[in-house]
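S.K.:
In the numbering used here, the protein residues as written are 806 to 937.
Put into structure tokens, the structure is as follows:
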């Protein structure tokens, strides 16, 4: 049966009756998982010839260390919780950037690449610190 913009399917078995909807608005929005341990961030050397950040990233100073950072609005992977590929840090002024280990390509658009700073790449979890 078809009702406005929602497809509704009625599935019946001998003992149960299940109603399933394909309306995406009915499903709750996915939330970023809170990983059990912080990422191993790694560092980069900003000196020419010593910098091993991918060409799609920059080696930036986050206050105490240098890390490879994606361009604003980009991330390394569609797997938002894969801390071996990408992570965000709770560093003032840099919360909107996605950081990566060295040699990691960063060319996937974030879910909201044109949003305000607080909204950029918000699907990638923020960590308070690095594991190492």
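Ideal Cβ positions, reconstructed from N, Cα and C, are used throughout, including at glycine.
Let me check one thing: in DSSP terms, what residues is residue 872 bridge-paired to?
M.R.: The partner list for residue 872 (beta bridge, DSSP) reads 865.
S.K.: Assuming residue 872 and residue 846 form a contact by the criterion Cβ under 8 Å, report the distance between their Cβ atoms to the nearest whole angstrom.
M.R.: 6 Å between Cβ atoms; contact.
S.K.: Where residue 934 and residue 881 are concerned, what is the direct C-alpha to C-alpha distance, given to the nearest angstrom?
M.R.: Near 19 Å, if we compare the C-alpha coordinates of residue 881 and residue 934.
S.K.: For residue 925, write down the residues that DSSP places opposite it in a beta bridge.
M.R.: Answer is none; residue 925 lacks a bridge partner.
S.K.: Beta-carbon separation of residue 892 and residue 844 under 7 Å?
M.R.: Taking 7 Å as the Cβ cut-off, residue 892 and residue 844 qualify as a contacting pair.
S.K.: When you compare the CB positions of residue 874 and residue 925, do they come within less than 7 Å of one another, or not?
M.R.: No, these two residues do not count as a Cβ contact at 7 Å.
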